[in-house]
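Asks: First residue of the sequence shown: 3, per the numbering used here; consecutive thereafter. Every residue, glycine too, gets a C-beta built ideally from N, C-alpha and C.
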Amino acid sequence: MPEYPVYLNAYKSGKLKKTADALLASLKSCSICPRHCKVNRLKNKTGFCKTGALAKCFSFMVHHGEEPPVSGTRGSGTIFFSNCNMGCVYCQNYEFSQLGQGREYTFEELAKIMLQLQEQGCHNINLVTPTHVLPQILKSLEIAAAGGLKIPLVYNTGGYELAEVIGMLEGVIDIYLADSRYGDDRAAQELSCAPDYVKHNREALLEMYRQSPQAEFNAEGLIRKGLIIRHLVLPNGASGTEKVMEFIAAKLSPDVHISLMSQYLPYYLAKAHPQIQRRLKKEEYDQAQEILERYHLLNGWIQESYGEERFAGVNIKPK
Ligand code: SF4
């Protein structure tokens, strides 16, 4: 009988160690994300993500503001990693994602944080911006699993991923909380400095969906496995909502869970970009909801109060 979360099986079978070691070794000429910087991170050389051999974290906390099946009643054990493989000019976490605030943690220290969040009663470990520190996360997970970690991991990503690396996470990660930020590469390049974002994002989403086509929830409504796609609606149609939803409906499934986010504010360098230098208008969020309805994407969450980070219950209701 396979255990849950899946990483417990992977830990016992040795797959977790094998995957963690392979990814760690690949940092010698880093190609773990679409940027292929090919720097030797094991010698603390850094590429776009400005991260060397150890993961840097800004903070960790019990988080109650995620989607209802992630935060539940006891909160999601969230670890905010510093730095990022994207360069979003409007990043709301820019102090640590873009400016690198935080400190380095050893594998043992990171494992202790995971166990501490579990002790605090969190439903899961929520890895925010994990892509560039995936090998370090998996090495820490080995230690945490040996120490009794048994709550699921949430891979909470900006979605600029390599499908083959996501493929290596089969049998390790149960829950993907993945952004699909753009339907258009020009916007992805200008606003997130992410070449070929659309192609890489779509390939990664297809792989995540292949691993668990049917999201599963427990009796309390908490997600046990599967994919939730987040889409932050940007002003002036900059996020290409229609193209994103068209792809999801056609190539994944109308049953995929979608979190449609309205809380955009022009943080960080956004004021320099005319398209996104103001907050989102209510009409724009309403239009995005209409697009979801048009593509019959009615499984998921809208924000209860437009402009805030609270989510309404399951099922986007047709207006
Ligand atoms: S993880 Fe960092 S160093 Fe490696 S390819 Fe991506 S941006 Fe470059």
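For a minimum of 4 consecutive residues, which ranges assigned as the alpha helix (DSSP H) are wholly contained in the stretch 56-81?
Replies: Listed in chain order, the complete alpha helix (DSSP H) runs (minimum 4 residues) inside the stretch 56-81 are 70-73.
Asks: With a CB to CB cut of under 7 Å and the five nearest residues on each side skipped, what residues in its chain are close to PHE109?
Replies: Closer than 7 Å at Cβ, skipping near neighbours: GLN138, LYS141, SER142 and ILE145.
Asks: Thinking C-alpha only, which one of ILE153, ALA240 and SER33 is nearest ARG188?
Replies: Closest option to ARG188, Cα to Cα, is ALA240.
Asks: Exposed or buried, what is LYS321 when buried is set at 16 or more other beta-carbons lying within 10 Å of its beta-carbon?
Replies: Note that LYS321 scores 37 on pLDDT, short of 50, meaning its location in the model is unreliable and no value can be drawn from it.
Asks: Report all residues from its chain with a CB closer than 6 Å to the CB of GLU126; omit the five preceding and five following residues, and keep chain order.
Replies: The sequence given here has Asn at residue 126, not Glu. Contacts found: SER78, ILE153, PRO154 and VAL156.
Asks: Could you tell me the distance, in whole angstroms, from the CA atom of SER15 to the CA atom of LEU171?
Replies: Their Cα atoms are separated by approximately 14 Å.
Asks: Can you give me the Cβ contacts of ILE318 inside the same chain, cut-off strictly under 8 Å, excluding the 5 residues immediately before and after it?
Replies: At ILE318 the pLDDT is 49, less than 50, meaning the model places this residue with poor confidence and gives no usable figure here.
Asks: Taking only the alpha-carbon atoms, compute the straight-line gap between VAL200 and LEU18 and give it to the nearest angstrom.
Replies: Rounded to whole angstroms, VAL200 to LEU18 spans 29 Å at the Cα level.
Asks: Which value, in whole angstroms, describes the spacing of the CA atoms of VAL8 and MET63?
Replies: One C-alpha to the other measures close to 23 Å.
Asks: Can you tell me which of ARG43, GLN100 and ALA148 puts its alpha carbon nearest to the alpha carbon of LEU10?
Replies: Selected option, being the one with the closest Cα: ALA148.
Asks: Would you list the one or two residues that DSSP bridges to ILE127?
Replies: Paired residue(s): GLY79 and LEU155.
Asks: Have a look at LEU136 and GLU163 and give me their C-alpha separation to the nearest angstrom.
Replies: Going by the C-alpha atoms only, they are around 11 Å apart.
Asks: For MET263, report the span of its beta strand (DSSP E) as first-last.
Replies: 259-263 is the extent of the beta strand (DSSP E) around MET263.
Asks: What did DSSP end up calling LEU229 once you bin it into helix, strand or coil?
Replies: LEU229 falls in the strand class under three-state DSSP.
Asks: Please state the DSSP three-state secondary structure of TYR178.
Replies: Strand, per DSSP.
Asks: I need the boundaries of the beta strand (DSSP E) containing TYR107, first residue and last residue.
Replies: TYR107 -> beta strand (DSSP E) spans 105-107.
Asks: If you drop the 5 nearest sequence neighbours on each side, which residues of the same chain put their C-beta closer than 6 Å to that of VAL316?
Replies: A caution first: VAL316 carries a pLDDT of 47, below 50, which makes its placement in the model unreliable, though a value can still be read off. No residues qualify anywhere along the chain.
Asks: I think ALA217 touches GLY228, with their Cβ atoms under 8 Å apart; what is that distance to the nearest whole Å?
Replies: With a Cβ gap of about 3 Å, ALA217 and GLY228 count as contacting.
Asks: For GLY223 versus PRO70, is the C-beta distance shorter than 8 Å?
Replies: In this structure, PRO70 lies closer than 8 Å to GLY223 by Cβ.
Asks: What residue range is occupied by the uninterrupted beta strand (DSSP E) comprising GLY49?
Replies: Unbroken run through GLY49: none, as it is neither H nor E.
Asks: Along the beta strand (DSSP E) that carries GLY302, what are the first and last residues, could you check?
Replies: Note, GLY302: beta strand (DSSP E), 302-304.
Asks: Leaving out the 5 sequence neighbours to the left and right, which residues in its chain are closer than 6 Å to TYR178 when beta-carbon positions are compared?
Replies: So the list reads TYR157, MET210 and LEU229, once near-sequence residues are dropped.
Asks: Count the other C-beta atoms from every protein chain shown that fall within 10 angstroms of the C-beta of ASN85, then say buried if there are 16 or more, exposed otherwise.
Replies: Per the 10 Å Cβ criterion, buried.
Asks: Is any heavy atom in ligand 1 found nearer than 7 Å to the beta carbon of HIS233?
Replies: HIS233 Cβ: outside cutoff for every heavy atom of ligand 1.
Asks: Does any residue of chain B bring its CB to less than 8 Å from the CB of LEU254?
Replies: Of the protein chains in this structure there is only one, and it is not chain B.
Asks: Quickly, what does DSSP pair LEU143 with across the bridge? List them, please.
Replies: Answer is none; LEU143 lacks a bridge partner.
Asks: Would you call GLY169 buried or exposed, if buried means 16 or more other Cβ atoms sit within 10 Å of its Cβ?
Replies: Classification of GLY169: exposed, given that the 10 Å Cβ count is below 16.
Asks: Spatial neighbours of ASN46 within its chain, please: CB distance less than 7 Å, with the 5 preceding and 5 following residues excluded, ordered by chain position.
Replies: Same-chain partners within the cutoff: GLY54 and ALA55.
Asks: So who's on the other strand from PHE219, going by DSSP bridges?
Replies: Beta-bridge pairing links PHE219 to ILE225.
Asks: May I ask you to list the residues that DSSP assigns as paired with LEU234?
Replies: MET263.
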